[in-house]
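Here the protein sequences come in this chain order: A and B. Heads up, the first sequence stops at 599 in the UniProt record's numbering, and the numbers go up one at a time, no gaps. Heads up, the second sequence stops at 599 in the UniProt record's numbering, and the numbers go up one at a time, no gaps. Backbone N, C-alpha and C fix where the C-beta goes; we use that ideal spot for every residue, glycine too. Predicted, not measured: the structure shown is a model, and the values here were computed from it.
Number of protein chains: 2
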Amino acid sequence: MPQYTPPVRDTRFVLDAVVGLDRYTNSAGFSAATPDTVDAVLEEGGRFVAEVLFPLNLSGDQQGCTRHADGSVTTPEGFKQAYAQFVESGWGTLSAPEAFGGQGMPHVVSTAFQEYMISANMAFAMYPGLAHGAIAALVAKGSPEQQAKYLPKMVSGEWGGTMNLTEPQCGTDLGLIKTKAEPQADGSYSITGTKIFISAGEHDLTDNIIHLVLAKTPGAPDSSKGISLFVVPKVMVNDDGSLGKRNAVQCGSIEHKMGIHGNATCVMNYDGAKGWLVGEEMKGLAAMFIMMNAARLGVGLQGLALGETAFQNAVQYAKDRRQGRALTGPAEPGEKADTLFVHPDVRRMLMDAKAKIEGLRALCLWGGLQVDLEHKAEDDAERQMAADLIGLLTPVIKGVGTDWGYEVATQAQQVYGGHGYIVEWGMEQYVRDARIAQIYEGTNGVQAMDLVGRKLAQNGGRAVQAFFKLVAQECAAAKANDKTADFAGRLEKALGELQAATMWFMANGMQNPNAVGAGAYSYMTLMGLVSVGLMWLRMADAAARMLAAGEGDAKFLEAKLVTARFYAERILPDAGALRRKIEGGADAVMALEPEMFAA
Amino acid sequence: MPQYTPPVRDTRFVLDAVVGLDRYTNSAGFSAATPDTVDAVLEEGGRFVAEVLFPLNLSGDQQGCTRHADGSVTTPEGFKQAYAQFVESGWGTLSAPEAFGGQGMPHVVSTAFQEYMISANMAFAMYPGLAHGAIAALVAKGSPEQQAKYLPKMVSGEWGGTMNLTEPQCGTDLGLIKTKAEPQADGSYSITGTKIFISAGEHDLTDNIIHLVLAKTPGAPDSSKGISLFVVPKVMVNDDGSLGKRNAVQCGSIEHKMGIHGNATCVMNYDGAKGWLVGEEMKGLAAMFIMMNAARLGVGLQGLALGETAFQNAVQYAKDRRQGRALTGPAEPGEKADTLFVHPDVRRMLMDAKAKIEGLRALCLWGGLQVDLEHKAEDDAERQMAADLIGLLTPVIKGVGTDWGYEVATQAQQVYGGHGYIVEWGMEQYVRDARIAQIYEGTNGVQAMDLVGRKLAQNGGRAVQAFFKLVAQECAAAKANDKTADFAGRLEKALGELQAATMWFMANGMQNPNAVGAGAYSYMTLMGLVSVGLMWLRMADAAARMLAAGEGDAKFLEAKLVTARFYAERILPDAGALRRKIEGGADAVMALEPEMFAA
Chain A
1 MPQYTPPVRD TRFVLDAVVG LDRYTNSAGF SAATPDTVDA VLEEGGRFVA
51 EVLFPLNLSG DQQGCTRHAD GSVTTPEGFK QAYAQFVESG WGTLSAPEAF
101 GGQGMPHVVS TAFQEYMISA NMAFAMYPGL AHGAIAALVA KGSPEQQAKY
151 LPKMVSGEWG GTMNLTEPQC GTDLGLIKTK AEPQADGSYS ITGTKIFISA
201 GEHDLTDNII HLVLAKTPGA PDSSKGISLF VVPKVMVNDD GSLGKRNAVQ
251 CGSIEHKMGI HGNATCVMNY DGAKGWLVGE EMKGLAAMFI MMNAARLGVG
301 LQGLALGETA FQNAVQYAKD RRQGRALTGP AEPGEKADTL FVHPDVRRML
351 MDAKAKIEGL RALCLWGGLQ VDLEHKAEDD AERQMAADLI GLLTPVIKGV
401 GTDWGYEVAT QAQQVYGGHG YIVEWGMEQY VRDARIAQIY EGTNGVQAMD
451 LVGRKLAQNG GRAVQAFFKL VAQECAAAKA NDKTADFAGR LEKALGELQA
501 ATMWFMANGM QNPNAVGAGA YSYMTLMGLV SVGLMWLRMA DAAARMLAAG
551 EGDAKFLEAK LVTARFYAER ILPDAGALRR KIEGGADAVM ALEPEMFAA
Chain B
1 MPQYTPPVRD TRFVLDAVVG LDRYTNSAGF SAATPDTVDA VLEEGGRFVA
51 EVLFPLNLSG DQQGCTRHAD GSVTTPEGFK QAYAQFVESG WGTLSAPEAF
101 GGQGMPHVVS TAFQEYMISA NMAFAMYPGL AHGAIAALVA KGSPEQQAKY
151 LPKMVSGEWG GTMNLTEPQC GTDLGLIKTK AEPQADGSYS ITGTKIFISA
201 GEHDLTDNII HLVLAKTPGA PDSSKGISLF VVPKVMVNDD GSLGKRNAVQ
251 CGSIEHKMGI HGNATCVMNY DGAKGWLVGE EMKGLAAMFI MMNAARLGVG
301 LQGLALGETA FQNAVQYAKD RRQGRALTGP AEPGEKADTL FVHPDVRRML
351 MDAKAKIEGL RALCLWGGLQ VDLEHKAEDD AERQMAADLI GLLTPVIKGV
401 GTDWGYEVAT QAQQVYGGHG YIVEWGMEQY VRDARIAQIY EGTNGVQAMD
451 LVGRKLAQNG GRAVQAFFKL VAQECAAAKA NDKTADFAGR LEKALGELQA
501 ATMWFMANGM QNPNAVGAGA YSYMTLMGLV SVGLMWLRMA DAAARMLAAG
551 EGDAKFLEAK LVTARFYAER ILPDAGALRR KIEGGADAVM ALEPEMFAA
């Protein structure tokens, strides 16, 4: 049976060494994050997810959700009780605005908790997770009346929330939306259409579910510029806050999926449902991006979180399972065989997982801080810098975070040998669950296009130049310390490959946009190597300083230095190959006519 | 719903251009493979699997196998009828020896058919597939009586066959086997123990199943040198060939697995079952390797075959699905959106799949020819060369074939976006099914160790030197033709990286075996890049010659040249990075104590 222990020590190290949370505790917007509170969130939140949510992970996968004839949906055994505990203990309200009942904690702190919750039970975590996107949209774009009506109960978790974008004919290309919104005399709209792949679209965890729905008003143009956002409650809410009658929205079916069986992925039928415009008409895309950007960071975190729990189990299995002998002679001659731990190829897989997971944790938390600073930093320049960096790196965190999460989960399964393929050992579920994160909230290919097609060029390349400068500066500084000089030199080289690839895009993209498109994915991966490399530089630097000062747990800090070295020697070398692939351009990629693909 | 069309045209091209099958048709052992017969096998065999086996693939996955209280196992609906047709039409007997009722076709031809059968229905294909390993062991090591008793009905497919190696405590490390074989007065042995992960261990397709079982005789040493191989029929076979009473072997349970649900993976309980020694006592490992090497090539083929069918479907989906617009402006302005085909990142995924799959097909068929030549070539030197090459490349075909098969299946699923995650579309099954191939018959990490720990050094490195020479010679020749010169230059460069990595192992392996172990996986992948590269060189060379001569289908041949270029520009660049990773050595890989892995 799989196990899960929240990696509290590593989270603390990252918050100190990479994020530098203590530098902000006196700033407005960070006041709730006192060291004691943060410790309590990590310790108590970690305990809650490990004790309450994790035990439902395997059983939730096996039972899945059930839709009944009346369109209602039952979640797996234990989910309802666990959700009630979740709401009661307030874990969903950490970073929600205090005005609507939230605790007003910085986003970076709730990100740390989110990681633990997803590791413990991704399918469960998606129920409150989707509500967060809906909350973010209402906070940003809802009218004061809408906010007062819906937000307090959504923030507390008493009500759920969803994001309704996709339709059968329309995924990435939201211009193809067919769902219609007809204005009514009372100022509301009548919403009619079919939405698919709606996570947490219907369930038995809450009394009400607040759907945010993209639809088109009459005469709206046939493109993404014609879509509007509507709030559509499952159950109507009276002015006194009490629940009224059922709205005309129903779950038509639940999807049979590869994984995340514990979460109900619904086809939602809107049949003249009553909805209200959120923000301005035909400005739905902007509102949607508010939900979407938050969701993309959350999905990147899913990659990290599933990788972490799979990795933990693989380490334990490698310690327990005895098979074969060390290449250097029996490590434990008294036993019939040595543990898997002695085998260099097993160790390679575990080190690769450790380097990717701890690096991604740092990147996700650092990204969480940028979200805070974007809104809360006192200085204009600091806000702009944070907005630039997180805008640039959101597709990287989503794309590379989920690619690596899937790779790590697959590799952790591999450590188990044949047992990894067997359901009861739990590893194959992590692989199946991790797979969706590369697909939804914009496939990773869409992330790559967002990065090279939108983010690179915005404001004359201001964000990417700021990123290059940041990495270059920290490399230069780290070269002065002989504990980090080698790493800094290698990271600088990878940065050089990234800069060269960027120049290549600039030189070739104007004549041939496909040359950029054909290299987009490699570019995203390359930027992931460099940005996680920056995180490892910071971790190595902090570890070296602490060791020199005799602070902290020496073994833990030495492991950071070794893992940084592994990252430099075994992961960073891909940078050069990625650049060369990018420079291959579009010719061979785009040359074949469709018919020529058949073998 | 997924589709499958056997890639007959490409198989023919490979048999002509890469394998050069026509050069052997007058040789002994190849006489059955007349051009007409080979054509008939590809066309009719392809039709059989597409019409009879493929329609059972998705339903077989959903139904799975059922074990009943008496230990009997029912396969999914339709499997029994399809299997009867399979036996009746003789598709299982293609390359079996004529002495036992086989058709005596070359292995390379049956490999082509096997690919199609696995593509159509991997879980089904495993029933006869496992029997093939058992047949190979009996052909090589069985006594004339054993051969006469079992082989004719195993070859015809009337009886099944299995390989029983793994036990709960014992996977890779066969020295840990506990199953006991007690000699009996009548010359038989009484077999007692538990075997796990036995594919096709029990089912309703055949009247009898012939188990080949590894066990230890009394006093045998506690290592892999102490194991013996036994033949243990499920139902006793009387001297007249009729079936007698049930033997004391039963299916204790069937495993719940990530995929290949249509194949019954059994726990087999031997409770004083009657068995007979195959070959010599305590020489079981050598007999096991006969089964194993055949099985490993077959598993590499599974990677290719699942990649192929997933790829075919992704191409079709990309042609059908409309979403977004070409970066260069609307390709079909009259439609609401362009097809996925216009998007360079979708095209990149399809080209990557095409380059890997067609390259692997060539490598698997070329490998099949080496198996034939190893046994059937008239010239001693040719037999030795073939044996050396296939010995060296068996772990590469298994390891890289299944790694790429899984990657391609995952990427094909990615092309589908959200629909790829939904069961009914069929793509997620390919990913789940493909996953096992990286794990069983020796994990890919074990393959890598077999390559660097055994195969490289055998006979003073004769095999690897022969391989280097072969690649170098063909590169040198191809540089004279301006259609292949660029490719040859890039392949030569990759070969240089492989040679440098080999030298690095030689220079460092003696002092530190872990340095070799830590680089083994990258080395296997690097050798895969070069060996598939050699196949692409041959395909490009043939395509260029045929185009110049005005032979063949020009579009098909042009696609070969483009895909070879893609391989050179987008896949071969990894060679340098792999070498650098290898040269990172073992220090960072092996430095951490087990406790230091916890975050």
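Supposed close pair residue i, residue j - CB separation, criterion 8 Å
i: M546 of chain B; j: Q302 of chain B; result: Actually they do not touch by this definition, with Cβ atoms about 31 Å apart.
i: V14 of chain B; j: A362 of chain B; result: 5 Å
i: V589 of chain B; j: M351 of chain A; result: 6 Å
i: I191 of chain B; j: C266 of chain B; result: About 16 Å; that fails the 8 Å criterion.
i: G161 of chain A; j: R435 of chain A; result: Contact flag wrong, Cβ pair sits at about 25 Å.
i: Y317 of chain B; j: V415 of chain B; result: 6 Å
i: E182 of chain A; j: P218 of chain A; result: 7 Å
i: G244 of chain B; j: V235 of chain B; result: 7 Å
i: Y150 of chain A; j: W276 of chain A; result: At roughly 10 Å, the Cβ-Cβ gap does not stay under 8 Å, so Y150 of chain A and W276 of chain A are not in contact.
i: I439 of chain A; j: G417 of chain B; result: 6 Å
Local Cβ density within 10 Å of residue i, reported as buried at 16 or more and exposed below that
i: N26 of chain B; result: exposed
i: Q511 of chain A; result: exposed
i: N444 of chain A; result: buried
i: R47 of chain B; result: exposed
i: G157 of chain B; result: buried
i: D450 of chain A; result: buried
i: P35 of chain A; result: exposed
i: D320 of chain A; result: exposed
i: M126 of chain B; result: buried
i: G519 of chain B; result: buried
i: D380 of chain B; result: exposed
i: residue 600 of chain A; result: Look at the range of chain A in this structure, 1 to 599, and you will see that residue 600 of chain A is not part of it.
i: S95 of chain B; result: buried
Cutoff 6 Å; reference residue i; Cβ partners in own chain excluding five residues on either side
i: L58 of chain A; result: G426
i: F461 of chain A; result: Reading off the sequence, residue 461 of chain A comes out as Gly, not Phe. Excluding sequence neighbours, G461 of chain A sits near nothing in its chain.
i: L270 of chain A; result: For the record, residue 270 of chain A in the displayed sequence is Tyr; it is not Leu. Cβ within range, chain order: I191, T192, G193 and V249.
i: A294 of chain A; result: G133 and A136
i: A305 of chain A; result: E115, I118 and S119
i: T93 of chain B; result: G102, Q103 and V155
i: H68 of chain B; result: none
i: P395 of chain B; result: Q447, D450 and L451
For residue i, the residue or residues it bridges with in DSSP
i: Q250 of chain A; result: A:N269
i: S228 of chain A; result: A:A215
i: S199 of chain B; result: B:T265
i: Y189 of chain A; result: A:P183 and A:G275
i: G160 of chain B; result: B:I209
i: A87 of chain A; result: At residue 87 of chain A the sequence reads Val, which differs from the Ala that was named. Note: V87 of chain A sits in no beta bridge, so no partner.
i: K257 of chain A; result: B:I422
i: V38 of chain A; result: Answer is none; V38 of chain A lacks a bridge partner.
Contacts around residue i, its chain only, beta-carbon distance under 7 Å, and the 5 residues preceding and following it disregarded
i: L392 of chain A; result: K455, A463, V464 and F467
i: A494 of chain A; result: L529, V530, G533, L572 and A575
i: M385 of chain A; result: A466
i: A331 of chain A; result: D338 and V342
i: T111 of chain B; result: L301, C364, L365 and G368
8 Å Cβ cutoff, residue i in contact with chain C
i: H256 of chain A; result: Absent from the structure: chain C. Protein chains present are A and B.
Close Cβ partners of residue i (< 8 Å) along its chain, the five nearest in sequence each way excluded
i: D173 of chain B; result: S224
Subject >> Runs of alpha helix (DSSP H) lying entirely within the segment 412 to 453 of chain A, each at least 4 residues, in chain order >> reply: 427 to 437 and 444 to 449
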